[in-house]
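These notes are about the structure you will find just below.
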Amino acid sequence: IDDAPLVTKTLLDLARSSGGVWKPFVSASILLALVAALVGVVDSITGIAPAPGIFFGGVLGLSAFTTYNWLTQFDSLEDYLTYPVSIADVFRAKRIAFVLVGAPTVAVPYLAAVIWFDATLVDAAVGAVLLAGYALYYYGLTVYIAGFDPNEFLFDAVRFMTFTVGVAVALVPTLVAGFVVVPPSLELAAVLVIGGIGLGIVGLVLSSRAGPRWDARYRAE
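All residue numbers for the sequence shown refer to the numbering used here, where the first residue is 1354 and numbers rise by one.
In structure tokens form, the structure reads like this:
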């Protein structure tokens, strides 16, 4: 409740911008289309199709970066320094706004993917857990490393490499598992679910520490 005004401001800024609330959804849909095309190419060349739930659950989580980018496009931390709020409050409000916008943004494309590619029930369920957990993880990684400037990745080699390694640690083993074990066994499903939940927790920890981290950096400046 205390963060409601800041959350509302973020959502209104997004809604009033060109493209409005559809921009995150369009970004996720483009990612879905690109990945679906890639799956088709790989299948036609190798005859191997991945487990769609696991594959799309892991990859669509990357839309967390673009969603957060849209949510921070219209303001900066300096804009909030004139208000009686802490930087930690601002980051917490952004996290709430991210969940409110990001959840439906990835849920619809993911549902379309598992239906279109005829995922099994276990595969779809595991993919849903991965989607939620990885999205939180990618969000936490982004906000912890980049703060309010996710586009800084493009101009800072160290940040970009750190983010890339963080993404690869989660995504590469998942994609390999999605291609090797089709449909996923119960043992693999259990491991992936535990991993997805664990990374989601890591993401929440990173995002909760982002506020104090960037507060300290701004005070040092």
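The C-beta atom is built at its ideal place from N, Cα and C for all residues, glycine as well.
- Put simply, the segment 1423-1434 does not touch the segment 1542-1559. Fewer than three CB pairs are less than 8 Å apart.
- L1387 counts as exposed, since fewer than 16 other C-beta atoms from the protein chains shown sit within 10 angstroms of its C-beta.
- In the same chain as V1467, and ignoring 5 residues on each side of it, the C-beta atoms closer than 6 Å to its own belong to P1405, G1406 and A1477, in chain order.
- In the structure shown, S1560 falls within a helical segment according to DSSP collapsed to helix, strand and coil.
- Taking each of L1424, A1446 and F1408 in turn and checking the Cα distance to V1533, the smallest one comes out for F1408.
- Taking C-alpha positions only, G1553 is separated from Y1571 by approximately 27 Å.
- In this structure, F1470 lies away from Y1421, with their beta-carbon atoms at least 9 Å apart.
- Residues of the same chain with a CB within less than 6 Å of the CB of A1381, apart from the 5 flanking positions on each side, are S1416, T1458, V1459 and P1462 in chain order.
- In the three-state reduction of the DSSP assignment, P1537 falls in the coil class.
- Collapsing the DSSP output to three states places T1458 in a helix.
- Rounded to the nearest whole angstrom, the C-alpha separation of P1565 and I1498 is 13 Å.
- Spatial neighbours of L1413 in its own chain (CB-CB distance under 7 Å, excluding positions within 5 residues in sequence) are listed in chain order as A1381, L1384, L1385, V1459, P1462, Y1463 and L1484.
- Between the alpha carbons of A1542 and V1438 lies a distance of about 43 Å.
- Where G1410 is concerned, the enclosing alpha helix (DSSP H) starts and stops at P1405 to L1413.
- DSSP places D1366 in the uninterrupted alpha helix (DSSP H) bounded by A1357 to R1369.
- For F1378, the uninterrupted alpha helix (DSSP H) segment begins and ends at W1375 to T1399.
- DSSP, read as helix, strand or coil, puts P1503 in helix.
- In this structure A1472 is buried. Its beta-carbon is surrounded by 16 or more other beta-carbon atoms within 10 angstroms.
- If you draw a 10 Å sphere on the C-beta of F1418, you find 16 or more other C-beta atoms in it, and that means buried.
- Taking C-beta atoms under 8 Å as the contact rule, L1365 and W1423 fail to qualify, at a distance of about 13 Å.
- Between the C-alpha atoms of G1455 and G1373 there is a straight-line separation of about 14 Å.
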